[in-house]
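In the numbering used here, the protein residues as written are 1209 to 1303.
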């Protein structure tokens, strides 16, 4: 009885699309600080640091911002310093 049921079923891989599970090609993000050595990371440069914060004032991760590990650490340190001296808020005020 069980063999008859199994024989009627199509193989498991036949019902999937041929491109299932593949991601479309995405352009590799390049670290802008490595690309242009003239750019510096400074905790007093609030305009530059705001680009690395979400609307909830959280630090944007590397996979989204495209910075390398070395410069991501420097950006995170600069943001934390700016937060400690109250240049950048720790969170957004929403009540």
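For every residue, glycine included, the Cβ atom is placed at its ideal position computed from N, Cα and C. Bear in mind that the values here come from a model prediction, so they are computed numbers and not experimental data.
Would the beta-carbon of residue i be found less than 7 Å away from any heavy atom of the ligand ADP?
{"i": "residue 1238", "result": "Inclusion of the ligand ADP in the displayed structure is not the case, the ligand content being empty and no account of it being possible."}
What does the Cβ neighbour count give for residue i, buried or exposed, with the cut at 16 atoms within 10 Å?
{"i": "residue 1275", "result": "buried"}
{"i": "residue 1288", "result": "exposed"}
{"i": "residue 1280", "result": "buried"}
{"i": "residue 1294", "result": "exposed"}
Between which residues of its own chain and residue i is the CB-CB distance below 6 Å, once the five residues before and five after are set aside?
{"i": "residue 1247", "result": "1241"}
{"i": "residue 1303", "result": "Note on residue 1303: pLDDT 49, under 50, position unreliable in the model; the coordinate value appears next. Same-chain partners within the cutoff: there are none."}
{"i": "residue 1265", "result": "1297, 1299 and 1300"}
{"i": "residue 1239", "result": "1275, 1276 and 1279"}
Following the continuous alpha helix (DSSP H) through residue i, name the residue where it begins and the one where it ends.
{"i": "residue 1290", "result": "1277-1292"}
{"i": "residue 1256", "result": "1254-1258"}
{"i": "residue 1241", "result": "1240-1243"}
{"i": "residue 1266", "result": "It is not in any alpha helix (DSSP H) - residue 1266 carries neither H nor E in the DSSP assignment."}
{"i": "residue 1270", "result": "1270-1273"}
Between residue i and the rest of its own chain, which residues show a CB-CB distance below 7 Å, the 5 nearest in sequence each way excluded?
{"i": "residue 1286", "result": "1249, 1250, 1251 and 1257"}
Meets three-Cβ-pair contact criterion under 8 Å: the stretch 1243-1259 and the stretch 1290-1303
Short answer: they touch.
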